[in-house]
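Notes follow once the structure below has been shown.
This is the structure in C-alpha cells:
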C-alpha cells in the first residue's frame, strides 16, 4: 500500500492549521509587540468559516481512515471502538456546549490512536508520516509569512499588491502566528539560561549527534546569509534621512572630531570605543562621507557577526553547509535587532570578536595549540573595542578555567588540563590589559570606572523583584525585541548537542554562571544589556543544526519547508524590528 497515494495528508495539514487558529482564538491571551498590547485572535477568514474548514477536513480525514481500515480487516474491530469513543465525545460536546478547543483536541487524540493502529500494519516511518502531515501546515505558514514580508518591503515604496484591508489581515495573522508561544517566552528564556543544568536529561533520548550531513556547495549558504545581512541592515535607510539607533548620532559626532591622524591617535588612546570608530574612519578613506560611514558601519558589523557564528558552529559540527545555514540565525539575532535599535555598535563588534576568540580557543583545544594565537589577538580587540563586554568575557574565562581545573581533579589530571591552560593564557592577557589600563590613563580606564558604576547597581534585594523586572524589561526595553519565542525554542533544541560535547557544556556553563548573577541582581535598566551578551544566537544556530541532522531521513521537501518557515518567520521578525526603530 503506497502511502504517497493518499491525499489525506493535505487535509491533515489543513486540519492542523485551522485547528491551531481556533485554539489560539479561544485562548484569547494578550501579548506585547513593540511596547503595544495585542489580543491573540487569529483567523484566516472568520472564526465560523475557519471552523467550517476544520470540520470539513475532519470529516474527510475520518472517511479516508475508514476506507483504509476496511482494507486492513484485522484492525477494523479495534478501530470501531475508537470511532465509538470519538462519536460519544462529540455528542457530549454538542450537548454541554464545550469549547471548540476540547472538540479539536479530542479529535486529534482519536486520530492519533487510529493512525497508530493503522501503522501497526503498514509499518511506515513515523518521521515520514510526520513530514507528510506537517508539510501542508508548514507551506501555509510559509506562504502567509512570505506575503507579509513582501508587503512590508513593497510598502517602503508605497506599493500595494492587494487591497489594504486584505494585506493588513494577512500581516496581522502572521504576527499572531509568530507570537503564538508568547505565554511561554519567559519560560523558554529561563530554561535556556539553565540549559547547562538540565541538559544531562537529554542523555535518555536516542538522538543523533554525528553530523555526517550533506556538505556540498559548502559556502553558498554563508555567502547568502552575508548578503541578506547587509540588505536587511540597510533596508530601513530606503525611507529614512536621519540615523537609525539611539547612539548612532554619538558615533557621527565623535567621527566629526577626527580631522587628521593626530586627532585620530588621540581618540584611539582616550576613547573606549575607539576600535569601531577607527573602522568608520577607514570607511571615509574609501571616499564615503562620515554620515555614510556611520550608516554603513552596521553592515560591516553584521558581516563580522555572521562569520563569527559560522566559524563557531563549524568548529563544533565540522559541516560548512549546515554551519552556513545556521549562520542565518545570526542575521536575525538580537545582536542585529537590539544592536541597531540601541546603536550599541562597539558592543556588537566586541561581542563578535569575543566569539571569534572563543572559536579559536575551541580549535586550540580540539586541534592544534597554534590557534591560541588568533584567540588571544581577537580577545585583545574585544577588550579594547568595548571593555564592559571584555570584562564579562574575562570573568567567563575565569569560571571556565575553574570548571576545567575541577574537572581535571575529579577525572584524570591531564583530561581538563589543556583546556584550563588555554583559558589561563587568555586570562593572563586580560590581566595584563587591565594592569596597563590602571597604570596609564587610557580610554580603557574610563570604561572600568563606568563598569564600577554598573557594579554598584547590583543589589541582593533585586532578587525579590527579578521575575517582575525581567518581564517588564522584555516588554518595554529596546523595542520589546527580546520577545521572540522561536529563537529561544531553537536554542533549547541544542541541549543534547551541548551535553554530548564537553567543551561546549563547560563553556556555556561558564557563560551563564557569569551572566546570570548580573541578570538576577541588577537593576531594571541593566537587564537588557546582560541579555544582549548572552549566547542565544549561537545556541539557536546549534539547535537548528541539530534538528536538521535529526530529520535528515525526512523528505527533501519537508526539510526545505521546515527551514523556509524558520527563516521566513525570523526574517519577518527582524524586518519588522528594524522598520520599527525610530529615526534620530
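Residue numbers (the working numbering): 1 to 584. The beta-carbon is built from N, C-alpha and C at its ideal position, and this holds for glycine as well.
- In whole angstroms, what separates the C-alpha of residue 3 from that of residue 111? With a pLDDT of 48 at residue 3, under the threshold of 50, the predicted position of this residue should be treated as unreliable, and no value is reported.
- Item | Sheet register partners of residue 373 (DSSP bridge) | In DSSP, residue 373 forms no bridge with anything.
- In angstroms with no decimal places, state the Cα-to-Cα distance between residue 420 and residue 191. 27 Å
- Message: Once the 5 residues before and after residue 246 are set aside, which same chain residues still bring their CB inside 6 Å of it?
- Response: 342 and 343
- Query: Can the beta-carbon of residue 151 be found closer than 7 Å to that of residue 165?
  - Reply: no
- Reduced DSSP secondary structure (H/G/I, E/B, other) of residue 529: helix
- Message: Let me make sure I understand the geometry here. Which of 530, 460 and 403 has the alpha-carbon closest to that of residue 196?
- Response: 403
- Query: What separation, rounded to the nearest whole angstrom, lies between the Cα atoms of residue 162 and residue 352?
  - Reply: 41 Å
- Task: Give the range of the alpha helix (DSSP H) segment to which residue 32 is assigned.
- Result: Counting along the chain, residue 32 falls outside any alpha helix (DSSP H), though it belongs to the beta strand (DSSP E) covering 30 to 33.
- Query: Residue range of the alpha helix (DSSP H) that residue 37 falls in?
  - Reply: Per DSSP, residue 37 belongs to no alpha helix (DSSP H); it is in the beta strand (DSSP E), 36 to 39.
- Message: Whole angstroms are fine: how far does the CA of residue 511 sit from the CA of residue 468?
- Response: 23 Å
- Query: To which residues of the same chain is residue 509 closer than 7 Å at the C-beta, ignoring the five residues directly before and after it?
  - Reply: 196 and 403
- Taking the alpha-carbon positions, what's the residue 178 to residue 148 distance? 12 Å
- Do residue 140 and residue 17 have their CB atoms nearer than 7 Å? yes
- Task: Take the Cβ of residue 1 as the centre, count every other Cβ of all protein chains shown within 10 Å, and call the residue buried at 16 or more, exposed below.
- Result: Confidence at residue 1 is low in this model, with a pLDDT of 44, below 50, so the placement of that residue should be treated as unreliable; the coordinate-derived value is given next. Looking at its Cβ environment, which holds fewer than 16 other Cβ atoms inside 10 Å, residue 1 is exposed.
- Please state whether DSSP places residue 16 in a helix, a strand or coil. helix
- Item | Residues bridged to residue 244 (per DSSP) | 583
- Task: Please determine if the stretch 553 to 561 and the stretch 122 to 129 are in contact, where contact requires at least 3 C-beta pairs separated by less than 8 Å.
- Result: yes
- Message: For residue 157, count the other beta carbons within 10 Å of its own beta carbon; 16 or more makes it buried, fewer makes it exposed. Which is it?
- Response: exposed
- Buried versus exposed, by CB contacts within 10 Å (16 or more), residue 583: exposed
- Item | For residue 604, the three-state DSSP class (helix, strand or coil) | With the chain covering 1 to 584 only, the question about residue 604 has no answer from this structure.
- Buried versus exposed call for residue 236 [16 or more other C-beta atoms within 10 Å across all chains shown]: buried
- Item | Residue closest to residue 502, alpha-carbon to alpha-carbon, out of 480, 466 and 362 | 362
- Message: Under DSSP, the alpha helix (DSSP H) around residue 403 begins and ends at which residues?
- Response: 387 to 410
- Task: Would you check if there are 3 or more beta carbon pairs closer than 8 Å linking the stretch 237 to 244 to the stretch 308 to 320?
- Result: no
- Message: Pairs of beta-carbons, one from the stretch 547 to 556 and one from the stretch 365 to 372, closer than 8 Å: are there three or more?
- Response: no
- Assuming residue 180 and residue 14 form a contact by the criterion Cβ under 8 Å, report the distance between their Cβ atoms to the nearest whole angstrom. Residue 180 to residue 14, Cβ: 18 Å. No contact.
- Message: Taking the beta carbon of residue 63 as the centre, do at least 16 other beta carbons fall within 10 Å, making it buried, or is it exposed?
- Response: exposed
- Task: Determine the burial state of residue 116: buried for a count of at least 16 other Cβ atoms within 10 Å of its Cβ, exposed for fewer.
- Result: exposed
- Message: Could you compute how far the alpha carbon of residue 232 sits from the alpha carbon of residue 537?
- Response: 17 Å
- Query: Rounded C-beta distance between residue 418 and residue 470? I'm assuming under 8 Å.
  - Reply: Incorrect: roughly 38 Å between the Cβ atoms, too far for contact.
- Query: Whose C-alpha, out of 400, 325 and 277, is nearest the C-alpha of residue 347?
  - Reply: 277
- Message: Quick check on DSSP: helix, strand or coil for residue 469?
- Response: helix
- To the nearest whole angstrom, what separates the beta carbons of residue 497 and residue 433, a pair I think is in contact under 8 Å? Rounded, the Cβ-Cβ distance is 33 Å, inconsistent with contact.
- Message: Using only CA atoms, which one of 145, 309, 280 and 285 lies nearest to residue 295?
- Response: 280
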